[in-house]
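Novice: One structure, as structure tokens, below. Some questions next.
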Amino acid sequence: MLADADPEDLHQLRVSLRRLRTALGQFAPALVLPAPISDGRIARVARRTGLTRDLDVIGERLRTSLLPPLPDSEKKAMRPVLQRLARDRRLAFGELVEALNGSGYLRLLSSLQRWQRRPVFTALGQTALQERLLEWKLPIVSGLFLHPGWSADDPASEDLHALRKRIKGVRYALENLEPFLDPEVVGWIGQLKRAQDELGTLHDLQVLQERLADRRGSGRTGPIPSLKAELRRQQEEHWRGWRERAAEMAGAPGRLRLHRHLLGLA
Numbered sequence: 642m643l644a645d646a647d648p649e650d651l652h653q654l655r656v657s658l659r660r661l662r663t664a665l666g667q668f669a670p671a672l673v674l675p676a677p678i679s680d681g682r683i684a685r686v687a688r689r690t691g692l693t694r695d696l697d698v699i700g701e702r703l704r705t706s707l708l709p710p711l712p713d714s715e716k717k718a719m720r721p722v723l724q725r726l727a728r729d730r731r732l733a734f735g736e737l738v739e740a741l742n743g744s745g746y747l748r749l750l751s752s753l754q755r756w757q758r759r760p761v762f763t764a765l766g767q768t769a770l771q772e773r774l775l776e777w778k779l780p781i782v783s784g785l786f787l788h789p790g791w792s793a794d795d796p797a798s799e800d801l802h803a804l805r806k807r808i809k810g811v812r813y814a815l816e817n818l819e820p821f822l823d824p825e826v827v828g829w830i831g832q833l834k835r836a837q838d839e840l841g842t843l844h845d846l847q848v849l850q851e852r853l854a855d856r857r858g859s860g861r862t863g864p865i866p867s868l869k870a871e872l873r874r875q876q877e878e879h880w881r882g883w884r885e886r887a888a889e890m891a892g893a894p895g896r897l898r899l900h901r902h903l904l905g906l907a
């Protein structure tokens, strides 16, 4: 990953760190962990991977789908934006490399490896998971449908970005229990993934629009009406898709069906 040869390596590191944070938080009552293994330490590195990965996604979207159909005048106007993106990405990756080579992250890795070789559990952690399966399942979705993001009426709402993070955490936590879940709940994990992707696209489009709205630091060279129109079109399309999915997932029938299957009442 440090060679920066394939963006997928960075993506996998980011996902692994997120899954690790989820698992440690989810099963905290069952684990006895050394001090270097902390959510804060993992989160600091995860934020560095997130910034670099977000810039990768924006750059890829521009280069592969948004820029090719533009008129030459708009392609020329976008060159400074691409140059600034590349510069920001170099800086972000440099900070990430520094974090990955830092003593805090290296202590974290060392502690994780030692714990994996000789894991230590609480009394709860020494009992079979199936004995407390309901207690492990229910906290995962607690409060999920009370999140304000479900009723957000603006695709630029910060509540949507926060809801995406919440959905991602729920999905990862349920996947940790997947062998013990009702098939209906396993299917619902797929709905979570699709909702996460829809919200992720909306977030990427919003970030890109904000960058285009502030091109002063990129050496503004001309208008880009076609690109802005295409971004608006894509935003409207994904916004409609999200609203339909939100109504299906957070509506009373969908919520009640999920809760019945989680409780084993179906």
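Using the working numbering, you'd call the opening residue of the sequence shown number 642 and step up by one each time. Ideal Cβ placement from N, Cα and C applies to all residues, glycine included.
Quick check: the Cα distance between His802 and Gly841, rounded to an integer number of angstroms?
Specialist: Taking the straight line from one Cα to the other gives about 8 Å.
Novice: Hey, would you say Ala797 sits closer than 7 Å to Gln847, going by beta carbons?
Specialist: Taking 7 Å as the Cβ cut-off, Ala797 and Gln847 qualify as a contacting pair.
Novice: How far does the alpha helix (DSSP H) with Asp845 in it reach, from first residue to last?
Specialist: That run of the alpha helix (DSSP H) goes Pro824 to Ala854.
Novice: Do Ala671 and Leu741 have their CB atoms nearer than 7 Å?
Specialist: No, the pair does not count as a contact, with Cβ atoms beyond the cut-off.
Novice: For a quick check, are the C-beta atoms of Thr690 and Leu749 less than 7 Å apart?
Specialist: Not in contact: Thr690 and Leu749 (Cβ atoms no closer than 7 Å).
Novice: Check Leu906 in the structure and name its three-state DSSP category.
Specialist: It is coil, neither helix nor strand.
Novice: Is the beta carbon of Glu715 sitting closer than 7 Å to the one on Ile865?
Specialist: Their beta carbons are under 7 Å apart, which means Glu715 touches Ile865 by this criterion.
Novice: So is Val673 buried or exposed if we call it buried at 16+ other beta carbons inside 10 Å?
Specialist: It counts as exposed.
Novice: With a Cβ-Cβ cutoff of 7 Å, do Leu747 and Thr693 count as a contact?
Specialist: The answer is no: Cβ separation not under 7 Å.
Novice: Taking the alpha helix (DSSP H) that Trp880 falls in, what are its first and last residues?
Specialist: It spans Pro866 to Ala891 - the alpha helix (DSSP H) in which Trp880 sits, taken as one unbroken run.
Novice: Can you give me the start and stop residues for the alpha helix (DSSP H) that Gln724 sits inside?
Specialist: Start and end: Asp713 to Leu741.
Novice: If we count Cβ pairs, one from each stretch, closer than 8 Å, do we get three or more for the stretch 768–782 versus the stretch 720–733?
Specialist: Contact between the stretch 768–782 and the stretch 720–733 is absent, because fewer than three Cβ pairs lie under 8 Å.
Novice: Near Leu711, which residues of its chain fall below 8 Å by C-beta distance, leaving aside the five closest residues on each side in sequence?
Specialist: So the list reads Met719, Ile865, Ser867 and Leu868, once near-sequence residues are dropped.
Novice: What whole-angstrom Cβ distance do Pro648 and Asp697 have, given they're in contact under 8 Å?
Specialist: About 5 Å; that satisfies the 8 Å criterion.
Novice: So what does DSSP say about Phe786, is it helix, strand or coil?
Specialist: Note: Phe786 maps to helix in three-state DSSP.
Novice: Alpha carbon to alpha carbon, what distance is there between Leu665 and Arg881?
Specialist: Each residue's alpha carbon lies about 35 Å from the other.
Novice: Give me, in chain order, the residues of the same chain whose beta-carbon lies closer than 6 Å to that of Arg896; leave out the 5 immediate sequence neighbours on both sides.
Specialist: Cβ neighbours of Arg896 beyond the five flanking positions: Phe786.
Novice: Measuring only the C-alpha atoms, how far is Ile830 from Asp838?
Specialist: Rounded to whole angstroms, Ile830 to Asp838 spans 13 Å at the Cα level.
Novice: To the nearest angstrom, how far is the alpha carbon of Arg755 from that of Asp645?
Specialist: So the two alpha carbons sit approximately 28 Å from each other.
Novice: Looking only at C-alpha atoms, which of His902, Leu804, Phe668 and Gly810 sits nearest to Thr763?
Specialist: The residue with the shortest Cα to Cα distance from Thr763 is Phe668.
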